[in-house]
Every structure is written in C-alpha cells, then in structure tokens.
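Residues 1 to 314 (the UniProt record's numbering) are what the sequence shown spells out, left to right. Yeah, the Cβ is synthetic: ideal placement off N, Cα and C, and Gly gets one too. Since we're looking at a predicted model, the values are computed, not measured. First the structure, in the form of structure tokens, and then the observations on it.
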Amino acid sequence: MSRRGWLLLVVMGVVWGVPYLLIKVAVGEVTPAMVVFVRTGLGALLLLPFAFRSGGLRVLRGHWRAVVAFAVLEIVGPWILLSNAERTLSSSMTGLLVATVPILAVVVARVVAKEHVTLVRWVGLLVALGGVALLLGPGSGADDPWAVAQVLAAALGYATAPMIADRALRDVPPIPLTTACLAITAIAYAPVVALTGPHPWPSTPAVLSLAALGAVCTALAFVLFFRLIAEVGGARSTLVAYLNPVVAVALGALVLDEPLTLTVVLATALILVGSAAASRRTSGRPPAREVPEALPAGEANVAVGAATPPRPPG
C-alpha cells in the first residue's frame with residue numbers, strides 16, 4: 001500500500017471513529033431526531049454538487065423502491081437508534097457494539113440468503129460473541145438493556161442493507177446513492193423536528209459537534225473514502241471498519257473520561273478478531289461492485305457482498 005493509501009486509511013479511521021464522541025456531546029443538549037436531521041441534511045447539501053457532477057442521479061429514479069429500503073436500513077433506522085442509545089450508553093460501548101455487524105451479517109446471510117458459512121466464520125462469530133458477552137457482563141456499565149437493544153438493532157440493519165445493494169443497486173453510482181439516502185433521511189425527520197419544537201439553541205460544543213457530524217464525518221468522509229477505494233481498492237478499504245472502534249474507545253477515554261478497563265480492552269480485541277474472521281469469504285466467490293453504505297458513528301456499504309464494509313457511525 002502506498003504512503004498516500006496509508007494516510008487516507010488512518011484519516012478515515014479517525015473520521016469515522018469520531019462520530020460516537022460527537023453524537024454523545026450533541027444528544028446531551030438536542031434530541032436524537034435533531035442530530036440525525038442536521039447531520040443528514042448538511043451532508044446531503046454538501047454532497048449534492050458531487051452527485052450532479054457524477055451524472056448518476058437519473059439512475060436513481062428506476063430504483064427508488066430499493067433506494068428507500070436501503071436508506072431505511074442503513075440510515076433512517078440505525079442513526080436514530082444509535083443517537084437515542086447514546087443518551088445513556090457510553091460512546092465507546094456504542095462503537096464496540098456496532099462492530100458486531102460482521103457477526104450479524106453471517107447470521108443474516110445464512111438465514112436469508114442460505115449462504116454457506118465456513119468453519120472459520122462460525123468460529124469468528126463465537127469469538128466475537130464472547131467479546132460482546134464480556135463487554136455487557138456484570139460491572140460493565142451497560143445498565144440500560146433497551147439502549148443496548150437499540151444499538152444491536154442498528155447493527156442488524158447495517159448487516160441486512162448490503163443484501164439490497166448487492167441485489168438491486170449494483171448499477172447505481174455511490175455518491176448519488178449516498179446523497180439520496182441522506183436526503184431521504186433528512187426529509188423523514190424534518191416533521192419530527194418541527195413537531196417537537198421549539199428547540200432551544202444549544203451550546204457551542206453541541207453546535208460544533210452537529211456541524212462536524214454533517215460536514216466532516218459525512219460529506220467530507222465520503223469524498224475521502226471513495227478516493228481511498230481508488231487508491232488501495234475495495235478489499236483493503238474495509239480495514240477502516242477495524243480502526244473505527246479503536247478510535248471510538250480511545251476518544252471516549254481521553255475526551256469524555258469514559259472508563260478504559262482491562263475488560264473493555266479484552267472485549268475490543270475479541271470483537272475485532274472475531275469480526276475479522278467472520279468477514280472472511282471463500283476465494284471462489286466473485287467480488288461485488290463497490291457501493292457505499294449510504295451510509296456510516298454517525299453513521300454506505302462498500303464492497304457489498306465482500307467483507308463487511310465500513311460505515312459512518314450513526
């Protein structure tokens with residue numbers, strides 16, 4: 001991998017690991033719906049020129065049902081669930097629970113697509129589940145089962161959405177797809193924000209967090225991510241997914257004083273190692289076209305059908 005490739009990889013790992021911290025700051029003062037609305041609205045506006053320039057917006061009209069379904073599973077549902085969960089869960093725990101997407105993807109692929117799952121992937125699933133059990137065990141600080149359930153439901157959406165992209169959205173360019181999904185989400189939450197107002201103006205840290213979520217962690221992140229794919233290829237770009245949780249845990253401890261215990265470190269290692277093993281595919285399977293997880297922490301599936309793609313956290 002080139003020096004430029006490594007630089008882009010590290011930058012993306014940070015940019016998509018930061019959202020858990022920013023969401024935690026934002027939901028302390030504004031509603032989860034407002035967080036999702038501002039982030040997706042700002043992200044869609046900033047990406048719109050790139051979508052027009054790519055000339056792929058016309059293609060979306062022939063796939064609108066699949067685009068809506070993909071948006072619901074990738075952004076509309078997961079981002080509100082994650083934002084609401086972070087009102088009680090730590091940012092680091094949220095990031096680690098989202099890292100279970102590969103093990104849920106194994107289950108979804110087996111149950112829905114009847115896909116053959118190798119022994120290595122089953123072992124990876126069990127190892128990652130052991131990490132989750134350790135993370136949620138006694139004294140873990142996961143005192144809100146409903147919040148944990150919301151994060152896992154979001155992860156299930158992330159694990160399921162690639163099937164839609166793989167089957168129905170292969171010929172849709174990634175930037176227009178991402179822009180459309182963000183716009184759909186913003187439109188969906190606009191009436192929720194309006195009906196729950198008036199909203200007091202938040203503090204400067206909360207405003208900056210919202211701005212960073214939309215401009216940096218969504219719009220800029222996608223532009224950089226597609227450059228990363230062009231530089232290193234789709235398979236290597238998925239390494240970002242294993243940097244995000246580490247960044248989330250580190251920032252939670254350094255900035256928010258969240259506990260960084262031996263249990264958290266061990267759980268992180270088990271979840272990441274297990275997820276990596278669960279993401280392995282047999283060499284005989286042809287790679288799928290790279291599309292974004294239009295999603296992505298926070299908050300678009302890349303390399304659909306290959307390894308579990310990185311996503312901006314919700």
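Boundaries of the alpha helix (DSSP H) in which residue i is found, first to last residue
| i | result |
| --- | --- |
| Leu260 | From DSSP, Leu260 is part of no alpha helix (DSSP H); its letter is neither H nor E. |
| residue 338 | In the structure as shown, the chain begins at 1 and stops at 314. Residue 338 is therefore absent and cannot be evaluated. |
| Cys181 | 174-195 |
| Ala113 | No alpha helix (DSSP H) contains Ala113, which DSSP labels as neither H nor E. |
| Gly55 | Neither: Gly55 is in no alpha helix (DSSP H) and is coded neither H nor E. |
| Ala159 | 145-168 |
| Val67 | 64-71 |
| Leu224 | 221-232 |
Rounded separation between residue i and residue j - CA only
| i | j | result |
| --- | --- | --- |
| Ala33 | Val10 | 30 angstroms |
| Val27 | Leu129 | 29 angstroms |
| Phe225 | Gly17 | 14 angstroms |
| Val107 | Val123 | 13 angstroms |
| residue 322 | Ala206 | Summary: the structure shown does not reach residue 322, with the chain confined to residues 1 through 314, and so no result is reported for it. |
| Ala221 | Val15 | 7 angstroms |
| Leu7 | Gly197 | 42 angstroms |
| Gly95 | Arg4 | 27 angstroms |
| Ala175 | Arg227 | Sequence inspection shows Ile at residue 175; the Ala mentioned does not correspond to that position. In a straight line, the C-alpha of Ile175 is about 12 angstroms away from that of Arg227. |
| Val72 | Tyr20 | 20 angstroms |
7 angstroms Cβ shell around residue i - same chain, five flanking residues per side excluded
| i | result |
| --- | --- |
| Leu134 | Thr263, Leu266, Ala267, Leu270 |
| Asp171 | Val59 |
| Ala51 | Leu57, Ile175, Pro176, Thr179 |
When the options are compared against residue i, the one with the closest alpha-carbon
| i | options | result |
| --- | --- | --- |
| Ala212 | Asp144, Leu129, Gly43, Ser237 | Gly43 |
| Ala219 | Thr40, Leu22, Ser2 | Thr40 |
| Ile80 | Leu208, Val36, Val123 | Val36 |
| Ala248 | Trp6, Gly13, Arg4 | Gly13 |
| Asn244 | Val76, Leu210, Ser275 | Ser275 |
| Gly214 | Val232, Ala186, Pro191 | Ala186 |
| Val127 | Leu8, Val148, Leu104, Arg110 | Leu104 |
| Gly137 | Pro174, Val72, Thr160, Met93 | Met93 |
| Glu258 | Ala99, Leu125, Ser90, Ala241 | Ser90 |
| Thr179 | Met1, Glu74, Thr88 | Glu74 |
| Val273 | Ala241, Thr261, Glu231, Ala149 | Ala241 |
| Ser54 | Ala113, Val246, Pro173 | Pro173 |
Three-state class that DSSP yields for residue i in the structure shown
| i | result |
| --- | --- |
| Met1 | coil |
| Val18 | coil |
| Thr100 | coil |
| Arg87 | coil |
| Thr40 | helix |
| Val10 | helix |
| Leu136 | coil |
| Arg280 | coil |
| Val120 | helix |
| Arg289 | The pLDDT assigned to Arg289 is 43, lower than 50, so where the model puts this residue is not dependable; a value taken from the coordinates is nonetheless given after this. In this structure, Arg289 counts as coil in the three-state DSSP scheme. |
| Thr31 | coil |
| Leu243 | helix |
| Gly95 | helix |
| Thr238 | coil |
Neighbourhood of residue i by C-beta distance below 8 angstroms, restricted to the same chain and skipping five residues each side
| i | result |
| --- | --- |
| Pro49 | none |
| Ser2 | Glu231, Val232 |
Close beta carbons around residue i, own chain, < 6 angstroms, minus the five adjacent residues each side
| i | result |
| --- | --- |
| Pro202 | Glu29, Val30 |
| Ala159 | Val101, Leu104, Ala105, Val108 |
| Asp144 | Thr88 |
Residue i at chain D interface by Cβ criterion, 9 angstroms
| i | result |
| --- | --- |
| Ala248 | Any reference to chain D falls outside this structure, which holds one protein chain only. |
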